[in-house]
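**Q**
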Amino acid sequence: MTDEQLMNRLSLNQITTEQWSLQEAVEGCLRHDVPWISVWRHKIAEIGLKKSKQLIQDAGLQVSSICRGGMFPAATAKERAERIDDNKRAVEEAAELGTDTLVLVCGPSADKDIATAREHVAEGIDTLVPFAKDYGVKLAIEPLHPMFAADRSVINTMEQATTIAEKYHPSEVGVIVDVYHVWWDPNLYAEIERAKGRILGFHVSDWKVPMDDMFKGRFMMGDGVIEINRMRKAVESAGYHGPIEVEIINQSLWDRDGDDVLQEVKQSFAKHV
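Each residue of the sequence shown is one higher than the last, beginning at 0 in numbering that gives the first Met the number 0.
1) With DSSP run on the structure shown, which of helix, strand or coil describes residue 137?
2) Kindly indicate which residue of 122, 107, 18, 15 has the alpha-carbon position closest to the one of residue 167.
3) How is the alpha helix (DSSP H) around residue 177 delimited, first residue to last?
4) Exposed or buried, residue 246, counting other C-beta atoms within 10 Å across all chains shown (16 or more means buried)?
5) Under a three-way DSSP split, which group does residue 205 fall into?
6) I need the straight-line Cα distance from residue 16 to residue 270, nearest angstrom please.
7) Below 7 Å CB to CB, which residues in the same chain sit around residue 199 once its five sequence neighbours on both sides are set aside?
8) Give me the residue from 169, 43, 24, 72 with the minimum Cα distance to residue 34.
9) Could you tell me the boundaries of the beta strand (DSSP E) in which residue 96 lies?
10) Tell me whether the beta-carbon of residue 192 lies closer than 8 Å to the beta-carbon of residue 184.
11) In terms of residue numbering, what span does the beta strand (DSSP E) encompassing residue 103 cover?
12) I'd like the ranges of any beta strand (DSSP E) spanning at least 3 consecutive residues and lying wholly in the stretch 18-83.
13) Hey, would you say residue 37 sits closer than 8 Å to residue 64, going by beta carbons?
14) Spell out the partners DSSP gives residue 218 in its beta bridges.
15) Please tell me whether residue 228 has its Cβ less than 8 Å away from any Cβ of chain D.
16) Identify the continuous beta strand (DSSP E) that holds residue 10 and give its terminal residues.
17) Determine the direct distance from the alpha carbon of residue 159 to that of residue 147, and round the result to whole angstroms.
18) Please classify residue 267: does DSSP put it in a helix, a strand, or coil?
19) Hey, is the stretch 112-119 in contact with the stretch 149-159, meaning 3+ C-beta pairs nearer than 8 Å?
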């Protein structure tokens with residue numbers, strides 16, 4: 000793959016420049032020749048879906064994904080139904096903005112019963128699939144690192160995510176490979192191969208030691224221990240050749256000028272991805 004081909008796959012996951020509004024992020028992508036953007040729903044809510052769509056269309060950007068759906072487990076059936084309704088709105092937003100990928104951060108347990116929470120995730124996805132299919136939107140299950148099992152997702156390995164996805168056609172449900180969440184898994188490369196044809200996204204950042212903040216602990220590619228390039232080649236071997244999202248959640252980046260961050264993103268992406 001040439002350098003130009005790789006850079007044509009670069010997507011700015013909006014959380015990397017959380018200090019920017021959607022309009023600022025779109026304008027930043029134009030200034031820095033970034034062809035893709037992954038849009039977060041709280042940024043859509045700030046200006047509305049109609050204006051969000053117009054901004055992106057006018058800029059000629061492609062949307063790699065919408066983040067996020069999920070958060071299926073809840074203490075009561077009523078709450079779980081409300082979360083399904085919210086996921087349906089997320090599907091509609093994805094379709095309206097022109098992406099076929101809704102990223103699912105599946106959610107934590109409502110209490111200490113993690114096994115039941117995982118059942119709620121499977122049930123929630125099963126309920127959502129027919130609705131998403133009608134809109135041409137794929138549900139992309141993103142396993143999160145086990146340290147997030149208590150507050151963000153009870154789906155923590157590629158094996159768990161793919162086991163759920165395999166119940167459906169690849170055009171309906173697949174998985175996200177986020178290097179930050181799965182690099183540690185001793186079965187990672189076997190599971191990437193198992194997910195062949197079902198990988199719907201590849202997200203990059205790095206794991207720097209020591210980590211000073213669990214949630215905002217991601218760093219620029221090349222600053223940590225993850226074999227990012229090896230993982231990229233593995234997902235490509237498993238059939239994924241789509242956009243590559245740079246998703247770095249880090250307060251120090253949010254405190255900087257967004258243009259400086261995006262310039263560093265491009266440099267690190269070219270060198271380490």
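Where a beta carbon is used, it is the ideal one built from N, C-alpha and C, also for glycine. Here the structure is a predicted model, which is why all the values come from computation and not from measurement.
**A** Quick answer:
1) Under the three-state reduction of DSSP, residue 137 is assigned to strand.
2) Checked all of 122, 107, 18, 15; the closest Cα to residue 167 is 122.
3) Counting along the chain, no alpha helix (DSSP H) covers residue 177; the unbroken beta strand (DSSP E) around it starts and ends at 172-177.
4) Within a 10 Å sphere around the beta-carbon of residue 246 sit 16 or more other beta-carbons, which makes this residue buried.
5) If DSSP states are grouped into helix, strand and coil, residue 205 belongs with the strands.
6) For residue 16 and residue 270, the distance between alpha carbons rounds to 20 Å.
7) Hits under 7 Å: 100, 137, 139, 173, 174, 175.
8) When only C-alpha atoms are compared, the closest one is 24.
9) It is not in any beta strand (DSSP E) - residue 96 instead sits in the alpha helix (DSSP H) that spans 76-96.
10) No, they are not a contact pair.
11) Residue 103 -> beta strand (DSSP E) spans 100-104.
12) Annotation note: the stretch 18-83 contains the following uninterrupted beta strand (DSSP E) runs of length 3 or greater, listed N- to C-terminal: 35-39, 61-69.
13) Their beta carbons are under 8 Å apart, which means residue 37 touches residue 64 by this criterion.
14) In the DSSP assignment, the residues bridged to residue 218 are 205.
15) Chain labels in this structure do not include chain D; a single protein chain is all it has.
16) In the DSSP assignment, residue 10 falls within the beta strand (DSSP E) that extends over 9-12.
17) Distance between the alpha carbons of residue 147 and residue 159: 15 Å.
18) DSSP, read as helix, strand or coil, puts residue 267 in helix.
19) Under the three-pair Cβ rule at 8 Å, the stretch 112-119 counts as touching the stretch 149-159.
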